[in-house]
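Peer 1: In full-length UniProt numbering, the protein residues as written are 1 to 207.
Got a structure for you, written out below as structure tokens; questions coming shortly.
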């Protein structure tokens, strides 16, 4: 299937359709939608293809040394260590230090696709991908293209991100039943192999 997808530069319709399962968090009322985390169930063949695209983009993107989230050989322990060293050094010199903690609620669900695309390729690249531009109604958010552009990602890989995010649809499946299908036009998908990378791309562009 993947060979056919690459040859035709078109994903199967089943890749665009998914089921969203609301998983209740440990806080808040289970009857409140805001207390649930939406998890999208995706095709395994699509996940494999995403991993390939993700790996190729990560080989190109250079993240800030201050970025500890969703990057190799780095995590929250590293961030805590850096913050602790910073505080200790300022205390030694008897200088004040200010640290801000930002909790991004529903961060993945609110990432504007209008920002992501342009952060992957450099500003010297041509903005329009001819294949995608020929079918603008199929693509949600040229800003994602803008985000990807700024990281110097080749147009072909950006096009694949656009294609993978073209016309996504979902149904919500809960204990009470399954909803009607609806389009998804904002955010990066939960459990989507590319989502952590796309999220970091956006964060890196605004920090």
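Note that the Cβ used here is the ideal one computed from N, Cα and C, for glycine as well.
Please read all numbers here as calculations on a predicted model, not as lab measurements.
#1: Do you know how far the Cα of residue 35 is from the Cα of residue 171?
#2: Let me make sure I understand the geometry here. Which of 184, 24, 179, 159 has the alpha-carbon closest to that of residue 8?
#3: Assign residue 225 to one of three DSSP states: helix, strand, or coil.
#4: Straight-line CA distance for residue 147 to residue 10?
#5: Please state whether the Cβ-Cβ distance between residue 12 and residue 38 is less than 7 Å.
#6: In three-state DSSP terms, what is residue 130?
#7: Rounding to the nearest angstrom, what Cα-Cα distance links residue 124 and residue 156 in this structure?
#8: Where DSSP assigns a beta bridge to residue 36, which residues make up the other side?
#9: Assuming residue 172 is part of the beta strand (DSSP E), what are its boundary residues?
#10: Do residue 70 and residue 200 have their beta-carbon atoms positioned less than 7 Å apart in this structure?
#11: In whole angstroms, what separates the C-alpha of residue 83 from that of residue 179?
Peer 2: According to the structure shown:
#1: Counting from one through the chain shown, the residue named residue 171 turns up at place 171. Counting from one through the chain shown, the residue named residue 35 turns up at place 35. Put simply, the backbone Cα of residue 171 is about 18 Å away from that of residue 35.
#2: Counted from its first residue, the chain shown places residue 8 at position 8. The shortest CA-to-CA distance from residue 8 to any of 184, 24, 179, 159 is the one to 159.
#3: With the chain covering 1 to 207 only, the question about residue 225 has no answer from this structure.
#4: If you number the chain shown from 1, residue 147 lands on position 147. If you number the chain shown from 1, residue 10 lands on position 10. Using only the alpha carbons, I get a separation of about 22 Å.
#5: For the purposes of this step, residue 12 is identified with residue 12 of the chain shown, where counting begins at 1. For the purposes of this step, residue 38 is identified with residue 38 of the chain shown, where counting begins at 1. No. Outside cutoff.
#6: Numbered from 1 along the chain shown, position 130 holds the residue referred to as residue 130. Reliability fails at residue 130, whose pLDDT of 39 lies under 50, so the model's placement of it is uncertain and no value is given.
#7: One-based indexing of the chain shown puts residue 124 at position 124. One-based indexing of the chain shown puts residue 156 at position 156. Residue placement at residue 124 is flagged as unreliable, the pLDDT there being 43, under the threshold of 50; the coordinate-derived value follows with that caveat. Using only the alpha carbons, I get a separation of about 15 Å.
#8: For the purposes of this step, residue 36 is taken as the residue at position 36 of the chain shown. 24.
#9: The residue given as residue 172 occupies position 172 in the chain shown. It spans 169-174 - the beta strand (DSSP E) in which residue 172 sits, taken as one unbroken run.
#10: Position 200 of the chain shown, counting from 1, holds the residue named residue 200. Position 70 of the chain shown, counting from 1, holds the residue named residue 70. A distance below 7 Å separates the beta carbons of residue 200 and residue 70.
#11: By 1-based counting over the chain shown, the position of residue 83 is 83. By 1-based counting over the chain shown, the position of residue 179 is 179. Their Cα atoms are separated by approximately 45 Å.
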